[in-house]
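**Student:**
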Amino acid sequence: MICRNATVEDVEPLYLMIEEYAQRGIMLPRSRQALTRQIDQFVIAELDGKFIGCGSLFRLGADLVEVRSIGLRDEGKGKGVGSMILEKLTEEARRQKIPKIMALTYAVDFFLRNGFTVVEKEIFPEKVWTDCVNCMKQHACDEIAVLKKLD
Numbered sequence: 017m018i019c020r021n022a023t024v025e026d027v028e029p030l031y032l033m034i035e036e037y038a039q040r041g042i043m044l045p046r047s048r049q050a051l052t053r054q055i056d057q058f059v060i061a062e063l064d065g066k067f068i069g070c071g072s073l074f075r076l077g078a079d080l081v082e083v084r085s086i087g088l089r090d091e092g093k094g095k096g097v098g099s100m101i102l103e104k105l106t107e108e109a110r111r112q113k114i115p116k117i118m119a120l121t122y123a124v125d126f127f128l129r130n131g132f133t134v135v136e137k138e139i140f141p142e143k144v145w146t147d148c149v150n151c152m153k154q155h156a157c158d159e160i161a162v163l164k165k166l167d
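FYI, the working numbering numbers position 147 of the sequence shown as 163, with every residue one higher than the one before it.
#1: Examine chain B for any beta-carbon lying closer than 8 Å to the beta-carbon of F58, and answer yes or no.
#2: Taking only three categories from DSSP, how would you classify L44?
#3: What does a CB cutoff of less than 7 Å around E25 pick up in its chain, not counting 5 residues either side in sequence?
#4: What are the boundary residues of the beta strand (DSSP E) that T121 is part of?
#5: So, is W145 buried or exposed, given that buried needs 16 or more other C-beta atoms within 10 angstroms?
#6: Run the CB neighbour count on T52, radius 10 Å, all protein chains shown included, and call it buried at 16 or more, exposed below.
#7: How would you write the range of the beta strand (DSSP E) that V81 sits in, first residue to last?
#8: Classify Q57: buried if its beta carbon has 16 or more other beta carbons within 10 angstroms, exposed otherwise.
#9: Using a 10 Å radius around the Cβ and a threshold of 16 neighbouring Cβ atoms, would you call V97 buried or exposed?
#10: Assuming L128 is part of the alpha helix (DSSP H), what are its boundary residues?
#11: Out of Y37, D64, K116, state which residue places its alpha-carbon closest to the alpha-carbon of I18.
#12: By the DSSP assignment, the beta strand (DSSP E) with I60 in it spans what residues?
#13: Take I55 as the anchor and find which of P45, S72, Q39 has the nearest alpha-carbon.
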């Protein structure tokens, strides 16, 4: 199993995975054009050369990045693939010297196992003005905010 930076060739499998999650109301949809423009923000997990997972890191401010679009195919679940993706994204935040990583999630236990803590989402106005203003759930958001402070 490997975790690598995404390339333009990964846009279609990324799009299909994110769209599947978006249709279930778990992720915000992303167009193929947006994915192409943001491809350098994504990492891909592969097993035997097959796409099984993804995740991205989006800068919200000078000291804050957001983990976005973590998704796994069924064959990647329960094998540490999500944690591997999250660790690669965390390494990138450290490399960029960004001290805080946040996420809005339904998978709270996953993030807690990976060193995050639950926080109030109102402490992230950067997120609210970046994405939440365009979300159909903006007035009834049921996602949980999590935060990890890096060394």
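Every residue gets a Cβ at the ideal spot worked out from N, C-alpha and C, and that includes glycine.
**Tutor:** From the atom records:
#1: Reference to chain B is not applicable here, since this structure consists of a single protein chain.
#2: coil
#3: none
#4: 116-121
#5: In this prediction, W145 has a pLDDT of 49, which is less than 50 and means its spatial position is unreliable; nothing more can be read from the coordinates.
#6: exposed
#7: 80-88
#8: buried
#9: buried
#10: 124-129
#11: D64
#12: 58-63
#13: S72
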